[in-house]
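First up is the structure itself, then whatever we jot down about it.
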Amino acid sequence: MNAFRWLLPHPLLTLLLALVWTLLQNQVSAGMVVFGLILGILIPWVTSAWWPDTPKSFHLSRMVTYSIMVIWDIMVANVEVAWIVLTKPNSKLRPAWIVVPLELKQPEAITILAGTITLTPGTVSADLSDEGHSLLVHVLHTDDPDGVRDEIKSRYERRLKEIFA
Amino acid sequence: MSGEIIMTYAIAISLLVGAIFALVGAIGLLKFNDSMTRLHAPTKVGTVGIGAFLLASMLHSFTYGEGSMHELLIMAFLFVTAPISANFMAKVNIHRRACDTPPSPPRDDTWSTLNVPEEDKHVSDTAAPSHRI
Numbered sequence: 001m002n003a004f005r006w007l008l009p010h011p012l013l014t015l016l017l018a019l020v021w022t023l024l025q026n027q028v029s030a031g032m033v034v035f036g037l038i039l040g041i042l043i044p045w046v047t048s049a050w051w052p053d054t055p056k057s058f059h060l061s062r063m064v065t066y067s068i069m070v071i072w073d074i075m076v077a078n079v080e081v082a083w084i085v086l087t088k089p090n091s092k093l094r095p096a097w098i099v100v101p102l103e104l105k106q107p108e109a110i111t112i113l114a115g116t117i118t119l120t121p122g123t124v125s126a127d128l129s130d131e132g133h134s135l136l137v138h139v140l141h142t143d144d145p146d147g148v149r150d151e152i153k154s155r156y157e158r159r160l161k162e163i164f165a
Numbered sequence: 001m002s003g004e005i006i007m008t009y010a011i012a013i014s015l016l017v018g019a020i021f022a023l024v025g026a027i028g029l030l031k032f033n034d035s036m037t038r039l040h041a042p043t044k045v046g047t048v049g050i051g052a053f054l055l056a057s058m059l060h061s062f063t064y065g066e067g068s069m070h071e072l073l074i075m076a077f078l079f080v081t082a083p084i085s086a087n088f089m090a091k092v093n094i095h096r097r098a099c100d101t102p103p104s105p106p107r108d109d110t111w112s113t114l115n116v117p118e119e120d121k122h123v124s125d126t127a128a129p130s131h132r133i
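In order, the protein sequences belong to chains S and G. The first sequence: position 140 = 140 (UniProt numbering), numbered continuously. The second sequence: position 92 = 92 (UniProt numbering), numbered continuously.
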């Protein structure tokens with residue numbers, strides 16, 4: 001087990017790098033997959049000094065369902081934002097700052113949450129508090145800032161907690 | 001043959017959808033009048049706009065030539081980097097006081113962008129007011 005950890009500090013990163021390399025070739029051939037795997041082993045091994053605390057666990061299947069849900073949300077919210085852009089006059093626009101208190105602790109999880117918030121249109125994650133306990137989010141237009149905060153917490157943060165649980 | 005016709009329509013529709021979203025993004029950039037709201041339109045609507053363009057490119061390559069999967073990589077890198085640039089533009093806005101001051105966080109002292117080290121306090125005190133809007 002220790003030898004496995006030493007050789008593959010990030011097994012998922014290895015797979016991801018091999019996949020990206022194969023996609024870059026634009027054709028699947030055994031030689032390129034093997035070369036991708038070699039890169040996937042070498043790169044995490046060389047850069048492991050910059051990954052001091054790896055997340056203890058990571059549920060890939062939950063991450064997949066989470067990604068599909070986020071992509072769906074992005075498409076729905078895009079239409080909503082396009083509608084706001086085209087129909088709302090500036091005087092009726094009510095932008096707001098929202099403070100989301102974070103229960104997540106791992107930097108990786110907070111990064112994914114902030115990225116999700118930014119990718120779903122209408123909200124941008126702007127800043128993190130100096131000790132990382134809350135996230136500052138800017139909303140393009142809302143009548144109910146508390147509702148947006150609760151939705152972020154129940155829809156995204158709860159699932160991310162399960163992914164990194 | 002009929003399959004090719006259907007694919008041509010699918011390509012045309014995704015090109016149109018992409019163009020419409022890109023146009024809306026540009027309109028939003030021109031229309032909104034403060035820097036934080038202006039950030040929303042192009043960075044967000046752009047992702048779906050470009051996504052539709054890439055889908056059109058993929059459909060075209062699979063219908064008329066050798067299939068190409070590079071678009072998936074472009075998409076992945078776009079989704080990873082777009083939030084970072086939006087985040088940095090938001091941080092610059094906060095730092096230059098170009099937007100409403102955000103409410104202070106409930107548990108910590110301040111937001112990390114507004115957190116000025118002790119030895120730089122005199123610099124920020126003189127620099128900030130000139131950018132205030």
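Built from N, CA and C at the ideal position, the CB exists for glycine as well.
| query | result |
| --- | --- |
| Kindly indicate if chain G contains any beta-carbon less than 9 Å away from that of H10/S. | no |
| Please report whether the beta-carbon of S68/G lies at a distance below 9 Å from any beta-carbon of chain S. | yes |
| To the nearest angstrom, how far is the alpha carbon of Y64/G from that of L55/G? | 14 Å |
| Could you give the first and the last residue of the continuous alpha helix (DSSP H) run that contains L42/S? | A30 to T47 |
| Do L93/S and L104/S have their CB atoms nearer than 9 Å? | no |
| Mapping DSSP to helix, strand and coil, what is I133/G? | Any reading at I133/G needs caution, since the residue's pLDDT is 43, under 50, leaving its predicted position unreliable; the model's value is listed next. Coil at I133/G, not helix or strand. |
| Could you pull out every residue in the same chain whose Cβ sits closer than 6 Å to the Cβ of Q25/S, ignoring the five residues on either side in sequence? | M32 |
| Is the separation between the beta-carbon of A82/S and that of T120/S shorter than 9 Å? | no |
| If we ignore side chains and look at the alpha-carbon of each, how far apart do F88/G and I5/G end up? | 44 Å |
| Going along chain B, which residues have a C-beta under 8 Å from F53/G? | No chain B is part of this structure, whose protein chains are labelled S and G. |
| Curious, which full-length alpha helix (DSSP H) runs of at least 4 residues does the region 92-142 of chain S contain? | 107-119 |
| If you run the structure through DSSP and keep just helix, strand and coil, what is W111/G? | strand |
| For the alpha helix (DSSP H) containing G18/G, list its first residue and its last residue. | S2 to K31 |
| Please list the terminal residues of the continuous alpha helix (DSSP H) segment that includes F77/G. | H70 to H95 |
| State the Cα-Cα distance for the pair V20/S and G115/S, rounded to the nearest angstrom. | 20 Å |
| Can you give me the start and stop residues for the alpha helix (DSSP H) that N78/S sits inside? | L60 to T87 |
| Would you call the region 38-49 of chain S and the region 63-71 of chain S in contact, with 3 or more CB pairs under 8 Å? | no |
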